[in-house]
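Please read the structure below before turning to the comments.
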Amino acid sequence: MVQLCIATRDGQFVARYSEKGLAELDFPPLDRGRRGNESQTSLPGKPNEGSPLRQPIPAKIRDWHRATEAALQSILAGREPKKFPPLDAAGTAFQQSVWRELRKIPLGRTKSYGEVARQIGKPKAVRAIGGACGANPIPVLIPCHRVLAAHGKIGGFGGGLDWKRKLLGREGIEFQT
DNA sequence: CATCAAAAACTCC
DNA sequence: GGAGTTTTTGATG
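Structural data, given as structure tokens:
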């Protein structure tokens, strides 16, 4: 499992890769009220030079990482990425089907928990859908933030509602309070 | 290991 | 406001 960082204007994300693809993506801490990063400033230049970080990054992971970084930056800027890295999100069969469904939501569009529930053939599992979304290890690329509660209500968000509001705003999506 | 109980990013009446 | 559904997770025997 390899871990790499992605610096964006919204902070530093952390991406983790398995042998099969991107496995996890973490939000940087979002402290509201303050603009931009603060103590996050890792020294630019060569990362991890001199630190006990063994095992060089395989070439294929560097490729994936480039794709991840570009895709992430695109979405944060409100543009549909042209390319995605292979995803290797681990989860139950139910969760995988939910995540598959989420990836079909185009940027700038939304879907309700109820709609997702119907589309995976379990119309009454709306509540469980919420759970699956919360378990999503790769936010942003798997657009769990594009799932709203019924009537365009914001619903909840694992990484903090501020992130959800921000992401939706970047995509030009309107929602209720 | 099999079971049970509780909680959850929901919906609908 | 409250009950109904499904899935996951952690405790219990």
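Just so you know, we're using numbering that gives the first Met the number 0 here: the first sequence kicks off at 0 and counts up by one.
Ideal placement from N, C-alpha and C gives every residue a C-beta, glycine not left out.
Note that the structure is a prediction, hence the values are computed from the model and not measured.
Skipping 5 residues on each side, what residues in its chain have a beta carbon closer than 6 Å to that of residue i?
{"i": "T67", "result": "A14, L21, P84"}
{"i": "G77", "result": "R169, E170"}
{"i": "R33", "result": "Per-residue confidence for R33 stands at a pLDDT of 45, beneath the threshold of 50, marking its modelled position as unreliable; no derived number is given."}
{"i": "I60", "result": "V1, Y16"}
{"i": "G157", "result": "G133"}
{"i": "L3", "result": "A14, H64"}
{"i": "K82", "result": "A66"}
{"i": "I119", "result": "S96, E100"}
{"i": "R145", "result": "I104, T109"}
Is it right to say residue i is buried, meaning 16 or more other beta carbons lie within 10 angstroms of its own, or is it exposed?
{"i": "E170", "result": "buried"}
{"i": "A89", "result": "exposed"}
{"i": "I56", "result": "exposed"}
{"i": "Q39", "result": "In this prediction, Q39 has a pLDDT of 39, which is less than 50 and means its spatial position is unreliable; nothing more can be read from the coordinates."}
{"i": "A92", "result": "exposed"}
{"i": "A58", "result": "exposed"}
{"i": "R108", "result": "exposed"}
{"i": "Q175", "result": "exposed"}
{"i": "Q54", "result": "exposed"}
Between the beta-carbon of residue i and the beta-carbon of residue j, is there less than 8 Å?
{"i": "I137", "j": "L75", "result": "no"}
{"i": "L29", "j": "G159", "result": "yes"}
Out of the options, which one is the CA nearest neighbour of residue i?
{"i": "K121", "options": "W63, R164, S96, K110", "result": "S96"}
{"i": "P80", "options": "R164, V139, G157", "result": "V139"}
{"i": "P27", "options": "W162, T176, Q175", "result": "W162"}
{"i": "S17", "options": "H64, T109, C132", "result": "H64"}
{"i": "S73", "options": "R8, T91, D62", "result": "R8"}
{"i": "L106", "options": "C4, A58, G151, L167", "result": "L167"}
{"i": "I104", "options": "K123, K19, A124, I141", "result": "I141"}
{"i": "V71", "options": "I172, G151, A6", "result": "A small fix is needed here, since residue 71 is Leu in this sequence, not Val. Residue A6 is the option with its Cα nearest to L71."}
Take residue i and list the residues in its own chain whose beta-carbon comes closer than 8 Å to its own, dropping the five residues that flank it on each side.
{"i": "A149", "result": "S111, Y112, G113"}
For residue i, I'd like the list of residues in its chain whose CB is within less than 7 Å of its CB, leaving aside the five on either flank, ordered along the chain.
{"i": "C143", "result": "L101, C132, N135"}
{"i": "D25", "result": "F12, V13"}
{"i": "L147", "result": "T109, S111, I153, G154, F174"}
* To do: Say whether the segment 125-143 touches the segment 94-113, bearing in mind that this needs 3 or more beta-carbon pairs closer than 8 Å, one atom from each stretch.
  => Between the segment 125-143 and the segment 94-113 there are three or more C-beta pairs closer than 8 Å, enough to call the two in contact.
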